[in-house]
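Let me begin by presenting the structure, written as structure tokens, before commenting on it.
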Amino acid sequence: MKYHFLPDPKTLAAIVDTFKRKLQASYKKLLTTIYKETGHQQSQTILEKIVALPKENFSSILTFYYHHTVRGINAGEHIPKLLSDLDLVLTFVKEKHHNSSFVVYETMPDTISHTILKTMGHSITDYNISLRGLSKTEEIQAKQCLEQGTKYLWHSCPKMLENMRELVHQIFFVGSDCPQRHCVFSLTSAVTQGIVFINGAYSPSWVFLLDKYVHEAAHAYLFLINQEELLVLNDPKELYPSPLRQDKRPMEGVYHALFVLMRLLYAFSAIREKQELMESDSKEIITLMSMYSAGLERSYTTVMREGKLTPIARLLLEDGYDAVYRSQHKLCPIRKNATISNPKGT
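For reference, each letter of the sequence shown is one residue, going 332 to 677 in the numbering used here.
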């Protein structure tokens, strides 16, 4: 299959559909194995629910709980407790899945919300980050601000928003109690495919929230491709300057960051070109684009030169670079085929 920087909606829908079918099949295999090895009858009851659950539900929270359950079993946790939690999750997903693309914190059972927030917080290694749910008022404000941003994107680049909605099935607004200077703005991972976490308490700006939505959807696209294809072959111990962080990172992380920058520049270039914005919003976008363009300048040549990229990975970046160059040349020029020297991560 040929992957593009901004894929055709039907092609992307087919890729997502394949992922959901595989997740459902993985649940069936897991529960069948639990029953064969332990005889826990509850695994059979849950298996019947998995079989009956529509394929569309197999994403987001169910992605997280599949991996959470497997980790728990491998760590020797009490299987009846893991099964009971999974049963609760299935009930919640069945009841709430069709209501909204936003996860409403107050509707979640504490068992589910606490597990997700604790696990995702711990996944941010070395920074001692904690995540919390938002109040109803905070959630509503964040939702309204993000919806304003998505309206701008829809009228500027509907294909990108269609992409993002196909990749991100649920948005979970969180808060972060930030120790010292470290604070999480947004996150997702391969084990939470379909759900992204955005700090809805940090800033009321639609620019900030849309930025994080575009950012995490870009990661979700690469994670989805990685289900089928390899992208980066560098040794994880080899570290390189990153365009978005001060510390050096493995090439896979730098590749992800570069791809994210391209999607952000493409989205905000379209909005600036096609929408009439308030001066404060326009200035905020210009500041972001300047920073992102500098990051792209620093990292593109480094990744293309130092990265052990598969043909698919290389074509994705070349396609993205061309798309960004075409969309930005009047707004925030990028030097085509630039040669970067002495790159420094920021």
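For each residue, glycine too, the CB sits at the ideal point set by N, CA and C.
Asked: Identify every residue that forms a DSSP beta bridge with Val-434.; Found: Phe-503
Asked: Under 8 Å, do Leu-393 and Val-424 count as touching if we go by C-beta distance?; Found: yes
Asked: Taking just the CA atoms, how far does Pro-574 sit from Ala-644?; Found: 18 Å
Asked: Check whether the Cβ atoms of Tyr-571 and Thr-641 sit closer than 8 Å, and answer yes or no.; Found: no
Asked: Run through DSSP, which three-state label would Asn-405 get?; Found: helix
Asked: Report yes or no: do the region 521-536 and the region 382-398 share at least 3 C-beta pairs separated by less than 8 Å?; Found: yes
Asked: With C-beta atoms as the reference, is Leu-354 less than 8 Å away from Tyr-397?; Found: yes
Asked: For Lys-639, which residues in the same chain have their Cβ closer than 6 Å to its Cβ, ignoring the five residues on either side in sequence?; Found: Leu-564, Asn-565
Asked: Please identify the residue among Gln-558, Met-620, Glu-569 whose C-alpha is closest to the C-alpha of Gly-584.; Found: Glu-569
Asked: Alpha carbon to alpha carbon, how far is Tyr-483 from Gln-606? Give it in angstroms, no decimals.; Found: 7 Å
Asked: Compare the Cα-Cα distances from His-486 to each of Ala-598, Ser-520, Gly-626, Leu-498 and report the closest residue.; Found: Ala-598
Asked: Tell me the rounded alpha-carbon separation between Glu-610 and Met-622.; Found: 18 Å
Asked: Using DSSP bridges, identify the partner residues of Asn-530.; Found: Val-505
Asked: Within a Cβ cutoff of 8 Å, which residues of the same chain sit near Ala-548, ignoring the five residues on either side of it in sequence?; Found: Asn-494, Met-495, Leu-498, Val-499, Val-527, Arg-594
Asked: Would you mind listing the beta strand (DSSP E) stretches within the region 347-386 that are 3+ residues and don't spill past its ends, in chain order?; Found: none
Asked: My parser needs the alpha helix (DSSP H) runs of 4 or more residues fully inside the region 557-614; what are they?; Found: 582-605
Asked: Assuming Leu-462 contacts Val-505 (C-beta within less than 8 Å), just tell me the rounded distance between them.; Found: 5 Å
Asked: Need the endpoints of the alpha helix (DSSP H) that Gly-464 sits in, please.; Found: Unbroken run through Gly-464 is the beta strand (DSSP E), 461-464; no alpha helix (DSSP H).
Asked: Considering only residues of the same chain and omitting the five flanking positions on each side of Leu-477, which have a CB-CB separation below 7 Å?; Found: Trp-537, Leu-540, Leu-541, Tyr-544
Asked: Which one or two residues does DSSP pair with Leu-640 in a beta bridge?; Found: Val-563
Asked: Pairs of beta-carbons, one from the region 350-370 and one from the region 464-476, closer than 8 Å: are there three or more?; Found: no
Asked: Just tell me which of Ala-521, Leu-596, Glu-560 has its CA closest to the CA of Thr-618.; Found: Leu-596
Asked: Going by DSSP in three states, Leu-337 sits in which element: helix, strand or coil?; Found: coil
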